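Reading through the structure tokens given below for one structure.
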Amino acid sequence: MAVLTGERFETVELTPDGGRPIWSADGQTIAYESGLPAVRVTRVVRRSAPTKVLLEVVGSGAALSPTGALVAWIPPTTLNRVPLGIKEVATGRELPITGLGEWLPTGATFGTDDATLFVVVSRASDGTRNDILRLTRTGDSFAVQGIVAPTAGFKGVPVALPGGRFLAYPVPSGNPVRLPVGLAGLRAAALFAIVDLQANTVRRIEGRAATISADGSMIAWVEGRLVVQGDIATEENRLMAAPVAGGGAMTLYKGIRRIDAPALSPDGSRIAFQMMPVQDWELYTLDISPTASATPTRITREIQHDVLPQWLSPTTVMAVMGEPRHRRSYLYDTETGARTRLFHNNTVRTIAPEYEWLPTPDGTALLTVAERDGNTVSVERGLYLTELNRLVTREAVIARLGADRAGEVSLRDRGIASFAPIAAEVRAVTTQVDVGRVYSYEKALFDFDSKHISQPGNAKAIDYLLATYKSFGYDAQPQWFSPQGALGGKSANVLAVLKGTENPELVYVVSSHFDSRAEGPGADDNTSGTAALLEAARVMAKHPQPATIVFASFTGEEAGLLGSREYVRRAVADSIKLVGALNNDMLGWANDHHLDNTIRYSNPGIRDIQHAAAAQFSSMITYDALYYKSTDAAAYYEAYGDIVGGIGSYPVLGNPHYHMPHDILEVENHQLIAEASKTTVATLMLLASSPSRLKNLAVANGTATWAKSPEKGIIGYVVTWGPADAPEKNRLRVTAPTARIPGLRAGMVVQVKAVNAKGLMGWDWARVVVKRE
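Take any residue in the sequence shown, note its place counting from 1, add 20, and you have its number in my numbering.
Shown next, in the form of structure tokens:
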């Protein structure tokens, strides 16, 4: 039940704003960075009390000593101080460094004891190379002992291997200002080196995605080479491994399939890696021995990408699933193939994208950087500690179930109440959505091949959209402009307007971009959204709503959100009163039998209406994420504020065909697109029939005032107030845009909605926090 509803293991938030975490070698101390780049700080905490900050320093690129007693870091150049710092974590005392001279540190790592530090340094007078210095501690200070195995060129931040004899470092292609730390640097490089500190020698290996076993005995990497047979040249990928101490490299696997991200088991006897058998990454394992089989064992069979394996124990691999911006972590038993979800936010609806994962050296705990609250807009990402030996308690799961049930009941009841006055009318329209028509739009657009603004298919799509909207009875118009790179020097948005019957000056827009990437037809991205938009326009054509609705097919999204920005630019210039916006993008991919999609929103009122619309008028399951960055919805938000909703891919960019040439019609679920169209229709009908969000709400001397609702037929206002965690605790009705509110205190939240003659309340609260007077 714990796994079904969320997390199985205990998870603690260390900070709401953290990244680039590191562990001490003993797995008991954590350092992480926080803050914006200009004011980046590094904090140090103990695993036993992870929310208590023991030490904070200004700077980044931290390294922890093996016992966690010391931290080294790189201060920003804006500080007038030594360009490398070392402090005792317990006391905060800074240890002096001697011998740096003109060397400029850019990264550091401790050796296998607390008394040795390796520092990557450069000289301002020599831009052709950098070096690695060895510093050692004597008494209460560190001193430079000399350059480690001096060689020409550049070096990345090294990794000190167990035993103390060897270092491994990536060889960057240029002189980086800040270098990746630890194994991350090795994995990112196309060339790496092993330093034998006893022999003072350097062995370079050409290969990418290098990894080292936890015991320091083995190193593995990926090679690519061109194999020529007659007139045919084929790229062959090889998975390689070798003992760190020296000896011949072993070819573990070779073939034409793409290979990446190898990971060695703790003792170096097994390897996990990702390989692409067809169109998505899967995980495989191999034994490493002279008699081992060269046939990999497949451990995943999920259509979404499975990537970035890491061993936590001899039989357990942690890996992540999905597209880079929205991945989720899982545990895999390599003996049985069983999969366990590792990290979640324990809610029914809200997704929790993850971005960084760092297990302890012994694999008993994991640090995760994630947007656990589903907020992908803010720059802050939380840092979380998951203890893999601590299962959540029965009481915690029961409390989780209770909270989830209460939230779902509230969402359902509020949704039913919102739609009740017009539910019959909405159902009469949504039931007209036809999956056969949806497919016909998809097929027509798909047959134009790429619809990128640089391709002939873009103009063909514009002509088709104009003709199709007109066939529904709209006076559809192109919105021509001249984006850079457009074939023929121009492209166009296509707009169809359903004029409002009562408040025609108030506008709701629903949009989808119709263009695709240059290299593919974009069946999901975004013919799917365009097909849903066309079907919504068709079924609503003879059902005008009180407010005006604009159906907008945008061009140029894949060339830089060009069409949406042009539309919004003209809307602002023409003083269009745009009060709500939906943007749909990538609706048709499903990874299983469920019909599900994600609501991508800025406005929580629209989010909840879309959940209700899907539940009452479609067969679609909906999740949600606060998400509009880098989409056509961003232009609405930037110009008109918090008015955005819409639907996107499950569970936000999980499609392995995303931005690939194989984003083709055959991978689409046409019924899912139809259900998304129904949800869009129902949402539009409620938005356009309800009062919009009120403006200019203010509270002073116990009285709330706000601007009069712009809609006709308003019969009153609902006012609520209460503490931040219960803002609807108190309620009253008024008929004028002002209310005297008893018992107001600083910190309370006041909310107001308008109510019209149909009994429909506004779709979102105007909110204000009461300030201290």
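Built from N, CA and C at the ideal position, the CB exists for glycine as well.
All of these numbers come straight from a predicted model, not from anything done at the bench.
Among ARG157, GLU76, ASP662, ARG66, which residue has its Cα nearest to the Cα of VAL59? Relative to VAL59, the option among ARG157, GLU76, ASP662, ARG66 whose CA is nearest is GLU76.
Please work out which residues of its chain come closer than 6 Å, Cβ to Cβ, to VAL749, disregarding the five sequence neighbours upstream and downstream, and give them in chain order. The amino acid occupying residue 749 in the given sequence is Lys; Val does not appear at that position. Taken in chain order, the residues that qualify are GLY742.
Could you tell me whether the stretch 34 to 43 touches the stretch 413 to 433, using the rule of 3 or more Cβ pairs below 8 Å? With the cut-off at 8 Å, the stretch 34 to 43 and the stretch 413 to 433 do not touch.
Determine the closest residue to SER460 out of GLU658, ILE693, ARG157, with distance taken between C-alpha atoms. Nearest of GLU658, ILE693, ARG157 to SER460, Cα basis: ILE693.
Could you say which of ALA635, GLY665, ASN513 lies nearest to ARG590 if we only look at CA atoms? When each option's Cα is compared against that of ARG590, the closest is ASN513.
Between which two residues does the beta strand (DSSP E) carrying HIS533 extend? Element bounds for HIS533: 523 to 533.
Answer with buried or exposed for ILE436, where buried requires no fewer than 16 other C-beta atoms within 10 angstroms of its C-beta. Residue environment for ILE436: exposed (fewer than 16 other C-beta atoms within 10 angstroms of its C-beta).
Rounded to whole angstroms, what is the Cα-Cα separation between THR97 and PHE130? Rounded to the nearest angstrom, the gap between the Cα atoms of THR97 and PHE130 is 22 Å.
Are any of the Cβ atoms in chain C nearer than 7 Å to that of GLU407? The structure shown contains no chain C; it holds only a single protein chain.
Pick helix, strand or coil for LEU155, following the three-state DSSP scheme. In the three-state reduction of the DSSP assignment, LEU155 falls in the strand class, which pools E and B.
The alpha helix (DSSP H) enclosing GLY435, as first and last residue numbers: Going by DSSP, GLY435 is part of the alpha helix (DSSP H) stretching over 414 to 439.
Answer with buried or exposed for ARG113, where buried requires no fewer than 16 other C-beta atoms within 10 angstroms of its C-beta. Note on ARG113: under 16 other CB atoms within 10 angstroms of its CB, so exposed under the neighbour-count rule.
Since LYS597 is in the beta strand (DSSP E), which residue starts that stretch and which ends it? Run containing LYS597: 597 to 603, per the beta strand (DSSP E) assignment.
Validate contact between the stretch 541 to 560 and the stretch 681 to 693 using beta carbons, cut 8 Å, 3 pairs: Using a C-beta cut-off of 8 Å, the stretch 541 to 560 makes contact with the stretch 681 to 693, since at least three inter-stretch Cβ pairs fall below that distance.
Just how far apart, CA to CA, sit VAL337 and ASN675? The alpha-carbon separation between VAL337 and ASN675 amounts to approximately 23 Å.
Backbone CA spacing between LEU486 and LYS773 [nearest angstrom]: When only Cα atoms are considered, LEU486 and LYS773 end up about 38 Å apart.
Write down the C-beta distance between HIS441 and LYS778 rounded to the nearest angstrom, noting that I regard them as a contact closer than 8 Å. What sits at residue 441 in the sequence shown is Pro, not His. Right, the Cβ-Cβ distance comes to about 5 Å (below 8 Å), so this counts as a contact.
Endpoints, the beta strand (DSSP E) within which THR575 is located: Annotation: THR575 is outside any beta strand (DSSP E) and is labelled neither H nor E by DSSP.
For TYR587, name the three-state secondary structure that DSSP assigns. DSSP places TYR587 in the helix class (H, G or I) of the three-state scheme.
Please confirm if the stretch 556 to 570 is in contact with the stretch 614 to 623, defined as three or more CB-CB distances below 8 Å between the two stretches. Output reads no: the stretch 614 to 623 does not touch the stretch 556 to 570.
Which residue marks the beginning of the alpha helix (DSSP H) containing PRO624, and which one marks its end? That run of the alpha helix (DSSP H) goes 624 to 637.
Alpha carbon to alpha carbon, how far is PRO671 from TYR643? Near 7 Å, if we compare the C-alpha coordinates of TYR643 and PRO671.
The stretch 629 to 646 contacting the stretch 301 to 309, beta-carbon criterion three pairs below 8 Å: Under the Cβ criterion (8 Å, minimum of three pairs), the stretch 629 to 646 does not count as touching the stretch 301 to 309.
Use the C-beta contact count for PRO192: other C-beta atoms within 10 angstroms, 16 or more gives buried, fewer gives exposed. With 16 or more other Cβ atoms within 10 Å, it is buried.
Backbone CA spacing between SER794 and GLY236 [nearest angstrom]: Since the first residue shown for the chain is 21 and the last is 793, residue 794 is missing from the structure and cannot be characterised.
Alpha-carbon spacing of GLU33 relative to SER54, whole angstroms: Whole-angstrom Cα-Cα distance: 14 Å.
Out of ALA593, VAL141, PRO373, point me to the one whose CA is closest to ARG149's CA. With distances taken between Cα atoms, ARG149 lies closest to VAL141.
Limits of the beta strand (DSSP E) - the one that ASP216 falls within: From DSSP, the beta strand (DSSP E) with ASP216 extends over 211 to 216.
Per-residue DSSP class, three states only, for ARG207: DSSP places ARG207 in the helix class (H, G or I) of the three-state scheme.
Could you tell me if ASN623 is buried or exposed, where buried requires 16 or more neighbouring beta carbons within 10 angstroms of its beta carbon? Buried: at least 16 other Cβ atoms inside 10 Å.
Does DSSP classify ARG359 as helix, strand or coil? In this structure, ARG359 counts as strand in the three-state DSSP scheme.
Give a yes or no on whether the C-beta atoms belonging to ASP433 and VAL368 are separated by under 7 Å. For ASP433 and VAL368, no; Cβs fall outside 7 Å.
From which residue to which residue does the alpha helix (DSSP H) around ASN478 run? Secondary structure note for ASN478: its alpha helix (DSSP H) is the uninterrupted segment 476 to 491.
Taking the CB atoms as reference points, tell me whether HIS472 and ALA556 lie closer together than 7 Å. Not in contact: HIS472 and ALA556 (Cβ atoms no closer than 7 Å).
Would you kindly report the start and end of the unbroken alpha helix (DSSP H) that includes ARG713? First-last for ARG713: undefined, no H or E at that position.
With 16 as the cutoff for other CB atoms within 10 Å, does TRP331 come out buried or exposed? Buried.
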